[in-house]
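Asker: Yeah, the sequence shown ends on 704 if you go by the working numbering, and it's all consecutive. No residue lacks a Cβ here, since even glycine has one placed at the ideal position from N, Cα and C. Note that the coordinates shown come from a computational prediction; the quantities given were computed from them, not determined experimentally. One structure, pasted below without further comment.
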Amino acid sequence: MTTLLEALSLHHRFGTMPALSDVSLKVRHHEILAIVGESGSGKTTLLNVLSGRLIADQGAVFWRDGDNLRNLADLSEFELHRLQRTHWGFIDQNPRMALRMNISAGGNIGERLMANGTRHYEYIRETAAHWLRQVEIDPQRMDDLPLSFSGGMLQRLQIARTLVTEPQLVFMDEPTGGLDVSVQARILDLIRSLVRRFGLAAILVTHDIGVARLLADRLIVMRHGHIVESGLTDQVLDDPHHAYTQLLVSSVLPT
Ligand SMILES: Nc1ncnc2c1ncn2[C@@H]1O[C@H](COP(=O)(O)OP(=O)(O)OP(=O)(O)O)[C@@H](O)[C@H]1O
Ligand SMILES: [Mg+2]
Numbered sequence: 450m451t452t453l454l455e456a457l458s459l460h461h462r463f464g465t466m467p468a469l470s471d472v473s474l475k476v477r478h479h480e481i482l483a484i485v486g487e488s489g490s491g492k493t494t495l496l497n498v499l500s501g502r503l504i505a506d507q508g509a510v511f512w513r514d515g516d517n518l519r520n521l522a523d524l525s526e527f528e529l530h531r532l533q534r535t536h537w538g539f540i541d542q543n544p545r546m547a548l549r550m551n552i553s554a555g556g557n558i559g560e561r562l563m564a565n566g567t568r569h570y571e572y573i574r575e576t577a578a579h580w581l582r583q584v585e586i587d588p589q590r591m592d593d594l595p596l597s598f599s600g601g602m603l604q605r606l607q608i609a610r611t612l613v614t615e616p617q618l619v620f621m622d623e624p625t626g627g628l629d630v631s632v633q634a635r636i637l638d639l640i641r642s643l644v645r646r647f648g649l650a651a652i653l654v655t656h657d658i659g660v661a662r663l664l665a666d667r668l669i670v671m672r673h674g675h676i677v678e679s680g681l682t683d684q685v686l687d688d689p690h691h692a693y694t695q696l697l698v699s700s701v702l703p704t
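Pasting the structure below:
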């Protein structure tokens, strides 16, 4: 399968604190890669470096541009922003930070289309209604402000806003982190079905092994900025080799 994103030997420090040490990975077309590990292990730092939101001290990230893999560092700021809003998408833990709370639900979706050059008003409205349906929000709510939405609805709106531009690769940081357990399950089901339906590739940060098991084809386990173990999700979780992975698995899964 084609590689969409590749990281080679990333290193990063905040002050004297190493947040990433010699991290290399690949993400292929249509593949969900989970990054798991306890708090402070470097998951968000890694996601930020992979998505070009943070420049690592050392190492390189390559992304697929047609037939070639290109170094992210060679893009101008303008090209990077364009890549981030067209081929890539972001779903963050807190939808309130990602959404514009003072414009309507439909406007939040339409804004992404307009940023990519779509101008036709009726088309934008129809597409916004279509995407509200995809994320199980009644399109009648299109003109409502997100302020009136529940936490789960806000997260579903963020998903619609992200997917409307049909990204190839979606970066997710604890996408169900701030939600009640019952709402989490519904959002995870939704993400799983959308990922399958649209053949998305995704990099998913989670400290929840159950989320990784449900969504990810492969996973990497991080500790103190290092990758301690990686492989197919079922293989790693059913037969963890590293003591730290064994601990992670046993502390979450029922024995
Ligand atoms: N902006 C920053 N300035 C200074 N230190 C930082 C910064 N961001 C992260 N760190 C440090 O880098 C290390 C890795 O942090 P990171 O946020 O990547 O962890 P994480 O695995 O995402 O944790 P969590 O599960 O709590 O979100 C931690 O020691 C953290 O304190
Ligand atoms: Mg984090």
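Under 8 Å Cβ to Cβ from Ile-484, same chain only, skipping five residues before and after it: list those, please.
Answerer: To locate residue 484, count along the sequence shown from 1; it is residue 35. For Ile-484, where only same-chain residues beyond five positions count, the Cβ hits under 8 Å are Lys-492, Leu-495, Leu-496, Ile-652, Leu-653, Val-654, Thr-655, Leu-668, Ile-669 and Met-671.
Asker: Strictly by DSSP, which residues pair up with Val-619?
Answerer: By one-based count along the sequence shown, residue 619 stands at place 170. Paired residue(s): Gly-538 and Ala-651.
Asker: State the DSSP-derived secondary structure class of Asp-683, mapped to helix, strand or coil.
Answerer: Here the question's residue 683 lines up with position 234 in the sequence shown. Helix at Asp-683.
Asker: As a quick exercise: from Ala-665, His-673, His-530 and Ala-692, pick the residue whose alpha carbon is nearest that of Gly-680.
Answerer: By one-based count along the sequence shown, residue 680 stands at place 231. Cα-wise, what sits closest to Gly-680 is Ala-665.
Asker: Roughly how many angstroms separate the alpha carbons of Met-563 and Leu-482, rounded to a whole number?
Answerer: Position 114 of the sequence shown holds residue 563. Position 33 of the sequence shown holds residue 482. Straight-line Cα distance between these residues: approximately 30 Å.
Asker: For the region 544-560 against the region 588-596, do three or more pairs of beta-carbon atoms, one drawn from each stretch, fall closer than 8 Å, so that the two count as touching?
Answerer: yes
Asker: Can you look up Phe-527 in the DSSP assignment and give me helix, strand or coil?
Answerer: Here residue 527 refers to the residue found at position 78 of the sequence shown. Reduced to three states, the DSSP call for Phe-527 is helix.
Asker: Suppose contacts are defined by Cβ-Cβ distances below 8 Å. Is Val-584 in contact with Ala-609 by that definition?
Answerer: In the sequence shown, the residue the question calls residue 584 occupies position 135. In the sequence shown, the residue the question calls residue 609 occupies position 160. Yes, the Cβ-Cβ distance between Val-584 and Ala-609 is below 8 Å.
Asker: Starting from Gln-583, follow the beta strand (DSSP E) in both directions and report where the run begins and ends.
Answerer: Sequence index remark: in the sequence shown, residue 583 carries index 134 (1-based). Segment 570-583 is the alpha helix (DSSP H) holding Gln-583; no beta strand (DSSP E) there.
Asker: Label Arg-646 either buried or exposed according to how many other C-beta atoms from any shown protein chain fall within 10 Å of its C-beta, with 16 as the threshold for buried.
Answerer: In the sequence shown, counting from the first residue as 1, residue 646 sits at position 197. Classification for Arg-646: exposed.
Asker: What is the DSSP secondary structure of Met-466, reduced to helix, strand or coil?
Answerer: Here residue 466 refers to the residue found at position 17 when the sequence shown is read from its first residue. Residue state, collapsed to three classes: strand.
Asker: For Ile-658, count neighbouring Cβ atoms within 10 angstroms of its own Cβ and tell me buried if that reaches 16, exposed if not.
Answerer: Taking the sequence shown and counting its residues from 1, one reaches residue 658 at position 209. Buried is the call here.
Asker: In the DSSP assignment, what are the bridge partners of Met-671?
Answerer: Within the sequence shown, numbered from 1, the residue matching residue 671 stands at position 222. The partner list for Met-671 (beta bridge, DSSP) reads Ile-676.
Asker: Would you say Thr-493 touches ligand 2, meaning its beta carbon is less than 7 Å from a heavy atom?
Answerer: The residue you call residue 493 lines up with position 44 of the sequence shown. Because some heavy atom of ligand 2 lies under 7 Å away, the Cβ of Thr-493 counts as near it: yes.
Asker: With burial defined as no fewer than 16 other Cβ atoms inside 10 Å of the residue's Cβ, what is the status of Thr-694: buried or exposed?
Answerer: Translated into the one-based positions of the sequence shown, residue 694 becomes position 245. So Thr-694 ends up on the buried side.
Asker: Could you compute how far the alpha carbon of Gly-486 sits from the alpha carbon of Gly-559?
Answerer: Walking along the sequence shown from the start, residue 486 turns up at place 37. Walking along the sequence shown from the start, residue 559 turns up at place 110. Near 36 Å, if we compare the C-alpha coordinates of Gly-559 and Gly-486.
Asker: Excluding the five sequence neighbours on either side, which residues of its own chain have a C-beta within less than 7 Å of the C-beta of Thr-465, listed in chain order?
Answerer: Residue 465 sits at position 16 when you count from the first residue of the sequence shown. Nothing listed; no residue qualifies.
Asker: Taking all protein chains shown into account, do 16 or more other C-beta atoms lie within 10 angstroms of the C-beta of Leu-469, making it buried, or fewer, making it exposed?
Answerer: For the purposes of this step, residue 469 is taken as the residue at position 20 of the sequence shown. With 16 or more Cβ atoms within 10 Å of its Cβ, Leu-469 is classed as buried.
Asker: Verify the contact flag: Val-654, CB atom, against every heavy atom of ligand 2, threshold strictly below 7 Å.
Answerer: Along the sequence shown, one-based indexing puts residue 654 at 205. It does: the Cβ of Val-654 is within 7 Å (strictly closer) of some heavy atom of ligand 2.
Asker: By Cβ distance, which residues of its chain are closer than 7 Å to Pro-689, with the 5 residues on each side in sequence left out?
Answerer: Position 240 of the sequence shown holds residue 689. Around Pro-689: Glu-678, Gln-695 and Val-698.
Asker: Would you kindly check if the distance between the Cβ of Lys-475 and the Cβ of Thr-452 is under 8 Å?
Answerer: For the purposes of this step, residue 452 is taken as the residue at position 3 of the sequence shown. For the purposes of this step, residue 475 is taken as the residue at position 26 of the sequence shown. Yes, Cβ-Cβ distance for Thr-452 and Lys-475 is below 8 Å.
Asker: Just reading off the beta strand (DSSP E) that Ala-483 is part of, what are its end residues?
Answerer: To locate residue 483, count along the sequence shown from 1; it is residue 34. Element bounds for Ala-483: 481-485.
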